[in-house]
Structures are given as structure tokens and as C-alpha cells.
Amino acid sequence: MEKIVGLRPKEVYVDLGYKGKDHHPEDVQVHLSNKSRKKITRWERMWMNRRSAIEPVISHLKQDHNMIRNFLKGKEGDRINAILSAAGFNFSKLIRAFFAISKILFLHRFYFQFESCFFSFPQKSQFFRDD
1 MEKIVGLRPK EVYVDLGYKG KDHHPEDVQV HLSNKSRKKI TRWERMWMNR
51 RSAIEPVISH LKQDHNMIRN FLKGKEGDRI NAILSAAGFN FSKLIRAFFA
101 ISKILFLHRF YFQFESCFFS FPQKSQFFRD D
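Residue numbers (full-length UniProt numbering): 1 to 131.
Here is the structure:
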């Protein structure tokens, strides 16, 4: 991570797959997720929940947006693949939001058309006539 970002993390929250790894630097705290919920602090619980929320997103990126295998060459190819996958992920979120809004607007319009057909009441000018 230090090579990619340029910063060394102070704390790392990992799952049990990292348990047997003894190659982490000394100045980095490694927190495992197998601790009892009573023994961890509220702050650690928040970070564990955040890590659990990110894992399905990474899985969907790998499965649905071709992040399993990169067919582009070199570091530049890695960057291009990551950008295109992120763009595809964001476009799919935008399309879902667009269709959700259009569905709500359609139902709203349908409701008012239905209401005007079956629940139309005479207007005041027709109700109080002089004849």
C-alpha cells in the first residue's frame, strides 16, 4: 500500500484470511475481525462494519465489471481498466436511479389519471345552476 498511495497506514482492519501472516511492519496495528463483539471498542466496531460494507462492492466490481482479469498491458493498462470499471459501476448506479425516478413519476401520473376518471365530482359552477 505504501508503494501505491505513498503513505503507510497506522491501523489495518483485516479478516481471518490475514491471521497467519507475520509479514506486516512493526509500526502498523493489525485488527482481526474474529474478536468477540464485547471486547472491541465502538470505534473498532465501526471500522469492522465499514469493511464489511465494502467487501460486497469489491465482489460486484470483480464479477460484473471485469476486474477479475486485466487484458491491458502494464501499469497504464491497470489504471485504464480500473477507471473503465469504476465508470461502468457508476453508470449502472445512475441507470438504476433514473429508472427508479421514472417509475415513481409514472405511478404518480397513473394515480392522478385514475383518480380523475373514477372520482370526478361536479364543479361548483355546475352544481349550483339557476335552471
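Heads up, the beta-carbon is just placed ideally off N, CA and C, and yes, glycines get one too.
It should be emphasised that the depicted structure is a prediction, and the values quoted were computed from it without experimental measurement.
The C-beta of Y13 has 16 or more other C-beta atoms within 10 Å across all chains shown, which makes the residue buried. In this structure, the CA atom of Y111 is about 40 Å from the CA atom of S52. Between S85 and L61, the gap from beta carbon to beta carbon is short of 7 Å.
Per DSSP, the continuous alpha helix (DSSP H) segment holding E55 begins and ends at R42 to D64. L72 is not a Cβ neighbour of I83, given a cutoff of 7 Å. The Cβ neighbour count for M67, taken over all protein chains shown within 10 Å, is at least 16; the residue is labelled buried. Secondary structure note for E2: it is in no beta strand (DSSP E), and the uninterrupted alpha helix (DSSP H) holding it is E2 to V5.
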